[in-house]
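Chains as they are written, first to last, in the working numbering: chain A, 1 to 206; chain B, 207 to 412. For each residue, glycine too, the CB sits at the ideal point set by N, CA and C. A quick write-up on the structure given underneath.
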DNA sequence: TCAATTGGGAAACGATCGTTTCCTAATATG
DNA sequence: CATATTAGGAAACGATCGTTTCCCAATTGA
């Protein structure tokens, strides 16, 4: 009789068990990749941040790119979960848009603003030369755009958003604003300025 | 008697004259750095693109970082000149804002959209670890924000822009939109979507 | 208890990085 | 013409890159 520690779906495989948690390690990788970028991050950087030896890294992942893509997948998963949690509180369509904008504004200013956004980093640094990375970011962006659009339409039905605005184009603008705030947050992560943009953006729903 | 080829301010200095034009070479460097990023660009890449040997590069510039900073200075100079030229055509404040948004939308879509924006690249990749680069981008962003604000105020005086909007906050939003379009242009540089954002953004002036 | 299998970790790998050196070529100055 | 100065260009530099190898440790299944 033995305790089965594995909480996943598959039974533990043969061989010596991994001594570190993959997701915990990936969270560290996310932080390093976000701050330094893909090419600016060395295996040594990852090794130090993740608290592993290079050998262990290469046992768990095929190569540096695989670590990066896995980190990005986790980044999206974690952030999407947080956003969904926030949006669940929305009382109506307009409130949902506001919460979503504030969610990003909260991350685009101050320390986390300086630190940066991994999705923006991938788009800027990787999209041109890595089709798989590009597809991942595009999917992520499309998801956010669709969420904005759905909230706008919901607002038009519940009366909190003007019927005269175009949901698709306005959603695209919101997506642009949010990504732009992430860029500006790298050099001037002022809180008031960041949230003043949110206030102006909300006027588009009147 | 000899022709003085040097069109600059200083007389030609002693020693063998440089055989290439610095600005022409920097234009090539801008292209490479924009597409691959700072860390993704090697001296070999620059050597090939600029049509020089590494030795000549290091005669003209202190190191890789100096090439990058010089390229970024030139990038800003060239783009600012183009923008000023476009803004000179503006018939009023609102038209100026529209021309400025279109100027960026024109570059954020299609092939140049995929290629990317050097200022965004610097902000995302360099700002955290290079104070001088960060200061340069911030100055550049501030300049654009001030230009937007001035156009909005001009519009409020000439009657083309509503008096009830806040020039500063609205300018900041426009800046965000423009930088965001650059990010989105890396993965989905669709022309219609890009310009639809401009149309929505213009509604803020009513 | 004994293969088979997988992870941990140190060391080493070839490749490429950014940079310098060294020699020759071309100009200004005296 | 002689000297000083700077550029062009090939080759080489040490350092670091991403990755692999090798050996030992820990586990599963027979």
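Mind checking if residue i is an interface residue toward chain B, Cβ cutoff 8 Å exclusive?
i, result
"residue 53/A", "no"
"residue 199/A", "yes"
"residue 123/A", "yes"
"residue 46/A", "no"
"residue 159/A", "no"
"residue 141/A", "yes"
"residue 178/A", "yes"
"residue 189/A", "no"
"residue 18/A", "no"
"residue 114/A", "yes"
"residue 40/A", "yes"
"residue 120/A", "yes"
Would you grab the beta carbon distance between residue i and residue j for me? Rounded to a whole angstrom, and I think it's under 8 Å.
i, j, result
"residue 292/B", "residue 280/B", "Actually they are not in contact, since the Cβ atoms of residue 292/B and residue 280/B sit about 19 Å apart, beyond 8 Å."
"residue 327/B", "residue 243/B", "6 Å"
"residue 32/A", "residue 46/A", "6 Å"
"residue 108/A", "residue 137/A", "Residue 108/A to residue 137/A, Cβ: 17 Å. No contact."
"residue 414/B", "residue 303/B", "Here chain B has residues from 207 to 412 only, and residue 414/B is not among them."
"residue 60/A", "residue 22/A", "7 Å"
Roughly how many whole angstroms lie between the Cα atoms of residue i and residue j?
i, j, result
"residue 295/B", "residue 301/B", "9 Å"
"residue 196/A", "residue 145/A", "21 Å"
"residue 392/B", "residue 129/A", "11 Å"
"residue 83/A", "residue 102/A", "10 Å"
"residue 7/A", "residue 376/B", "Reliability fails at residue 7/A, whose pLDDT of 36 lies under 50, so the model's placement of it is uncertain and the value that follows must be treated cautiously. About 50 Å."
"residue 346/B", "residue 332/B", "15 Å"
"residue 230/A", "residue 330/B", "Residue numbering for chain A in the displayed model covers 1 to 206; residue 230/A lies beyond these limits and cannot be assessed."
"residue 164/A", "residue 176/A", "21 Å"
"residue 210/B", "residue 226/B", "Confidence in residue 210/B is poor, its pLDDT being 33 and thus under 50, which makes the residue's placement unreliable; the coordinate value appears in the next sentence. Going by the C-alpha atoms only, they are around 16 Å apart."
"residue 201/A", "residue 230/B", "41 Å"
"residue 310/B", "residue 104/A", "23 Å"
"residue 256/B", "residue 263/B", "9 Å"
"residue 269/B", "residue 26/A", "34 Å"
"residue 388/B", "residue 224/B", "36 Å"
"residue 190/A", "residue 110/A", "6 Å"
"residue 219/B", "residue 282/B", "28 Å"
"residue 368/B", "residue 405/B", "16 Å"
"residue 80/A", "residue 112/A", "17 Å"
"residue 194/A", "residue 359/B", "21 Å"
"residue 246/B", "residue 312/B", "26 Å"
"residue 66/A", "residue 271/B", "29 Å"
Using only alpha-carbon positions, find the residue among the options that is nearest to residue i.
i, options, result
"residue 390/B", "70/A, 142/A and 166/A", "142/A"
"residue 379/B", "192/A, 159/A and 168/A", "192/A"
"residue 248/B", "274/B, 332/B, 400/B and 223/B", "274/B"
"residue 71/A", "107/A, 165/A, 108/A and 117/A", "117/A"
"residue 299/B", "405/B, 222/B, 320/B and 357/B", "357/B"
"residue 366/B", "409/B, 342/B, 316/B and 384/B", "409/B"
"residue 284/B", "266/B, 314/B, 236/B and 261/B", "236/B"
"residue 373/B", "337/B, 405/B and 412/B", "412/B"
"residue 234/B", "340/B, 254/B, 354/B and 316/B", "254/B"
"residue 340/B", "17/A, 147/A and 114/A", "114/A"
"residue 148/A", "178/A, 158/A, 132/A and 106/A", "178/A"
"residue 157/A", "198/A, 91/A, 132/A and 188/A", "91/A"
"residue 188/A", "359/B, 368/B, 337/B and 394/B", "337/B"
Looking at chain A, is there any beta carbon in it that lies within less than 8 Å of the beta carbon of residue i?
i, result
"residue 409/B", "yes"
"residue 379/B", "yes"
"residue 368/B", "no"
"residue 291/B", "no"
"residue 212/B", "Annotation note: pLDDT 34 at residue 212/B (below 50); position unreliable, coordinate value reported separately. False, the Cβ-Cβ gap to chain A never drops below 8 Å."
"residue 315/B", "no"
"residue 402/B", "yes"
"residue 272/B", "no"
"residue 234/B", "no"
"residue 340/B", "yes"
"residue 392/B", "yes"
"residue 376/B", "yes"
"residue 307/B", "no"
"residue 300/B", "no"
"residue 387/B", "yes"
"residue 333/B", "yes"
"residue 243/B", "yes"
"residue 344/B", "yes"
"residue 284/B", "no"
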